[in-house]
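Protein chains in written order, with our numbering: chain R, 1 to 135; chain C, 136 to 547.
Ideal placement from N, C-alpha and C gives every residue a C-beta, glycine not left out.
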């Protein structure tokens, strides 16, 4: 019985594929630290090392991709990001990320916006988007 | 008969209130919806956001935000719209217009909540420093900067011991300059903010707070200071903050005024703690509040009072888009007289005017990401933060009272 439960647990929580951070391929960055990724998606770090503005794309708070991205990549919870964005937006000290409604839209937006960053659960082969790891 | 009924209807406060609500919302929202249908990013680097909330309040005996005592008050409405424009990553312009109705303490007039220009003098991957110039919300504790936006609050009304609504203007915002510096690394974020500016006072509630009533003269803000140091560890898992401020004001007497031109200053020290897990958020804040009165003449002798406030709060996210709240909140007007007895003897008012102990439970449901419903129940011993202006009738406020609130809130 315990074995069945354990097996079920492992099977259920193992994601089919890890979430990857994607960036527009014009950005000359090869990896990010977790702290930097948190600062970018927390809307506190606003420009790339070359000075160009960072444009952050996210999916809806309740989407599986967003939840997995927060937990697996940033190691935080979606409500924490939402609270950080709200503090910036309603005190005037920052802006919110741009929301997309599907992974297809995410791919399209990151591909067409220089300076764009987002995330994806599926593999992508596209010469206008690159996947970058955390270091 | 018809004429009489019509007259009664038009004369009814609710009708005028609805008309006001409609008009205000139209003015605030009109401009926005003509520019966009969905809110948020309007064009490159320009964002528009807004919020609206309406409360229903009922209480036993004492009034809180309108005639809620043994009745239902609808006089708790918050409406606002803001824009932010970032032409360059280091430059941002922001402004928010809002209207707030809160019983007799706030009349719903449209005002500039904040409006400033911000510029980063230094911005690298790990360090940012710069300034804001204009009308800026004060970073007091965790909630003050966004205190009027229902979605950012853990409850319908913030813990009143620290975020008291009856004299909110002393701590709300200031027109001046704020300097900020923050440093990020893999373990966390350290930030410091310091501001110099003038608070906007000059309303009735400030006079009630300082001089115990609506007086012939006016209170105006003088140069004031605020510092806020915060450490956020491991992506907000642990958040710690220290805030210290000194808010200065001056009373300019009116004709045949019993009070001379005195000064009042309010200097809070505040410690803030929050620990976040997937299901729970534990928050606690403590404030030591020093008030100084000087030069008001024989009617109000020079004095210093140290007030003390604290709350402990747990928020439990028990299902997706549902959360529960439990909080204990306590306020002492004079920390050297927690029972209020000494102040009661001096002022000939009841001792329970000088403290308030509030147990709160609440429930919140985010129906959609932009629409939320919440309800909460308070059981309170003492009237230490009860709004003065809502309770001016001949019946004195009672010591033990309950407060029920229900709220619908929208944002974009």
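Per-residue DSSP class, three states only, for residue 409(C): For the purposes of this step, residue 409(C) is taken as the residue at position 274 of the second chain. Strand, per DSSP.
Is there contact between the segment 283 to 292 of chain C and the segment 204 to 217 of chain C, where contact requires at least three CB pairs shorter than 8 Å? yes
Rounded C-beta distance between residue 444(C) and residue 479(C)? I'm assuming under 8 Å. Counting from one through the second chain, the residue named residue 444(C) turns up at place 309. Counting from one through the second chain, the residue named residue 479(C) turns up at place 344. About 20 Å separates the two Cβ atoms, so there is no contact after all.
Contacting positions in the segment 184 to 206 of chain C - beta carbon closer than 9 Å to chain R: 184 and 186
Taking only beta-carbon atoms, is residue 76(R) less than 8 Å away from chain C? Here residue 76(R) corresponds to residue number 76 of the first chain, with the count starting at 1. Taking Cβ atoms only, chain C reaches closer than 8 Å to residue 76(R), which makes this a yes.
Assuming residue 546(C) contacts residue 190(C) (C-beta within less than 8 Å), just tell me the rounded distance between them. As a position in the second chain, residue 546(C) is number 411, starting the count at 1. As a position in the second chain, residue 190(C) is number 55, starting the count at 1. With a Cβ gap of about 15 Å, residue 546(C) and residue 190(C) do not count as contacting.
Measure from the C-beta of residue 171(C) to each C-beta in chain R and report whether the shortest distance is under 8 Å. Your numbering for residue 171(C) matches position 36 in the second chain. Its pLDDT being 48, under 50, residue 171(C) is placed unreliably in this model, and the coordinates cannot settle the point.
So, residue 455(C) versus residue 62(R), is the Cβ gap smaller than 8 Å? Reading the second chain from its first residue, position 320 is the one you call residue 455(C). Reading the first chain from its first residue, position 62 is the one you call residue 62(R). Yes.
Would you kindly check if the distance between the Cβ of residue 234(C) and the Cβ of residue 245(C) is under 8 Å? Within the second chain, numbered from 1, the residue matching residue 245(C) stands at position 110. Within the second chain, numbered from 1, the residue matching residue 234(C) stands at position 99. Cβ atoms of residue 245(C) and residue 234(C): closer than 8 Å.
Would you verify that the beta carbon of residue 38(R) is, or is not, closer than 8 Å to some beta carbon of chain C? Numbered from 1 along the first chain, position 38 holds the residue referred to as residue 38(R). For residue 38(R), the answer is yes, since a Cβ of chain C falls inside 8 Å of its Cβ.
Less than 8 Å between C-beta atoms, sequence neighbours within five positions excluded: which residues of the same chain meet that for residue 74(R)? Sequence index remark: in the first chain, residue 74(R) carries index 74 (1-based). The residues are 34, 37, 38, 41 and 81.
Take the Cβ of residue 179(C) as the centre, count every other Cβ of all protein chains shown within 10 Å, and call the residue buried at 16 or more, exposed below. Looking up residue 179(C) in the second chain gives position 44. Label assigned to residue 179(C): exposed.
Assuming residue 523(C) and residue 343(C) make a contact with CB atoms under 8 Å, what is their CB distance in whole Å? Translated into the one-based positions of the second chain, residue 523(C) becomes position 388. Translated into the one-based positions of the second chain, residue 343(C) becomes position 208. Their Cβ separation, rounded to whole angstroms, is 4 Å, which keeps residue 523(C) and residue 343(C) in contact under 8 Å.
Is there a Cβ of chain R sitting closer than 8 Å to that of residue 335(C), yes or no? In the second chain, the residue the question calls residue 335(C) occupies position 200. No, residue 335(C) does not count as interfacial toward chain R.
Does the beta carbon of residue 545(C) come closer than 8 Å to any beta carbon on chain R? Indexing the second chain from 1 puts residue 545(C) at position 410. No, no contact with chain R.
With a threshold of 16 other CB atoms inside 10 Å of the CB of residue 14(R), please say whether the residue is buried or exposed. Within the first chain, the letter at position 14 stands for residue 14(R). Note on residue 14(R): pLDDT 47, under 50, position unreliable in the model; the coordinate value appears next. Answer is exposed; the Cβ neighbour count stays below 16.
For residue 483(C), which three-state DSSP category applies? Your numbering for residue 483(C) matches position 348 in the second chain. If DSSP states are grouped into helix, strand and coil, residue 483(C) belongs with coil.
Should residue 493(C) and residue 464(C) be called a contact, given that it needs their Cβ atoms to be closer than 8 Å? Residue numbering aside, residue 493(C) sits at position 358 when the second chain is read from its first letter. Residue numbering aside, residue 464(C) sits at position 329 when the second chain is read from its first letter. Cβ distance < 8 Å, so residue 493(C) and residue 464(C) count as in contact.
Is any beta-carbon of chain R found at less than 8 Å from that of residue 295(C)? By one-based count along the second chain, residue 295(C) stands at place 160. It does not: the Cβ of residue 295(C) has no partner Cβ on chain R nearer than 8 Å.
Residue 178(R): first and last residue of the uninterrupted alpha helix (DSSP H) it sits in: The structure shown does not extend to residue 178(R), since chain R is modelled only from 1 through 135, so no value can be given for it.
Give me, in chain order, the residues of the same chain whose beta-carbon lies closer than 8 Å to that of residue 317(C); leave out the 5 immediate sequence neighbours on both sides. Residue mapping note: residue 317(C) aligns to position 182 of the second chain, counting from 1. Result list for residue 317(C): 262, 263, 264, 324, 325, 326 and 327, in chain order.
Is the CB of residue 29(R) under 8 Å away from at least one CB in chain C? For the purposes of this step, residue 29(R) is taken as the residue at position 29 of the first chain. Chain C, which has no Cβ nearer than 8 Å to the Cβ of residue 29(R), makes this no.
Name, please, each residue of chain R whose Cβ falls closer than 7 Å to the Cβ of residue 219(C). Residue 219(C) sits at position 84 when you count from the first residue of the second chain. Ordered by position in chain R, the residues that pass the 7 Å Cβ test against residue 219(C) are 92 and 95.
From the DSSP output, which residues share a beta bridge with residue 537(C)? Taking the first residue of the second chain as position 1, residue 537(C) is located at position 402. Looking at the DSSP assignment, residue 537(C) forms a beta bridge with 514(C).
Taking the runs of the alpha helix (DSSP H) that are 4 residues or longer, which of them lie wholly in the segment 39 to 104 of chain R? 64 to 68 and 78 to 91
Starting from residue 488(C), trace the beta strand (DSSP E) both ways and give me its first and last residue. Position 353 of the second chain, counting from 1, holds the residue named residue 488(C). No beta strand (DSSP E) holds residue 488(C); DSSP gives it neither H nor E.
Hey, how far is the Cα of residue 509(C) from the Cα of residue 208(C)? Counting from 1 along the second chain, the entry for residue 509(C) is found at position 374. Counting from 1 along the second chain, the entry for residue 208(C) is found at position 73. Cα to Cα, residue 509(C) sits roughly 16 Å from residue 208(C).
Give the straight-line distance between the Cα atoms of residue 507(C) and residue 497(C), rounded to the nearest whole angstrom. Looking up residue 507(C) in the second chain gives position 372. Looking up residue 497(C) in the second chain gives position 362. Near 13 Å, if we compare the C-alpha coordinates of residue 497(C) and residue 507(C).
Against chain D, which members of the segment 230 to 249 of chain C pass a CB distance test of less than 9 Å? Judged by its chain identifiers, the structure shown contains no chain D, and its protein chains are R and C.
Are the beta-carbon atoms of residue 475(C) and residue 451(C) separated by less than 8 Å? The sequence position of residue 475(C) within the second chain is 340, counting from 1. The sequence position of residue 451(C) within the second chain is 316, counting from 1. Not in contact: residue 475(C) and residue 451(C) (Cβ atoms no closer than 8 Å).
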